[in-house]
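See below for the structure under consideration.
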Amino acid sequence: MSSGCFCGASIAAGEPDMQQRLMFTIVSARSGWQLYEGDQGRLWFASRNDAMETADLMAMSLHENHGIPTAVVMDMAGRESVMLICHG
Numbered sequence: 003m004s005s006g007c008f009c010g011a012s013i014a015a016g017e018p019d020m021q022q023r024l025m026f027t028i029v030s031a032r033s034g035w036q037l038y039e040g041d042q043g044r045l046w047f048a049s050r051n052d053a054m055e056t057a058d059l060m061a062m063s064l065h066e067n068h069g070i071p072t073a074v075v076m077d078m079a080g081r082e083s084v085m086l087i088c089h090g
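Just so you know, we're using this note's numbering here: the sequence shown kicks off at 3 and counts up by one.
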């Protein structure tokens, strides 16, 4: 997985930088992990690491091929989300 610009940083819902990025969000769901692109659920993984690796690859590819700033975020179930990776 690539290094993130704010790896492990908590993010506030109204943070201006996050509003300008396409978000890939990883959420614990049904004994596994759901990956969302924006507000659309895309993929389900049994392993958190697989979900993180796939989200990173999708975010990196979108940024490299189209110049769109992206971020991978982990939903922390009722707490502030944590940004894991960002591109651009």
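All residues carry an ideal CB built from backbone N, CA and C; glycine is no exception.
Legend entry - Nearest-angstrom Cα separation, counted from residue 24 out to residue 76: CA-to-CA, the gap between residue 76 and residue 24 works out to about 14 Å.
Inset, instruction - Would you decide whether residue 79 is buried or exposed? Buried here means 16 or more other CB atoms lie within 10 Å of its CB. - result: Classification for residue 79: exposed.
Inset, instruction - Consider the Cβ of residue 73: report whether some Cβ of chain D lies at a distance smaller than 7 Å. - result: Considering every chain present, this structure includes no chain D. It has just one protein chain.
Inset, instruction - Report yes if the C-beta distance between residue 57 and residue 37 is below 7 Å; otherwise report no. - result: For residue 57 and residue 37, yes; Cβs fall inside 7 Å.
Inset, instruction - Counting only runs of 3+ residues fully inside the stretch 48-80, write out the beta strand (DSSP E) ranges in chain order. - result: For the stretch 48-80, whole beta strand (DSSP E) runs of length 3 or above, ordered along the chain, are 72-76.
Inset, instruction - Spell out the partners DSSP gives residue 90 in its beta bridges. - result: None; residue 90 has no bridge partner.
Inset, instruction - Give the DSSP-derived three-state secondary structure of residue 44 in the structure shown. - result: Shown here, residue 44 sits in a strand according to DSSP, grouped into three states.
Inset, instruction - State buried or exposed for residue 83, treating a residue as buried only when at least 16 other CB atoms are found within 10 Å of its CB. - result: Residue 83 is buried by the Cβ-count criterion.
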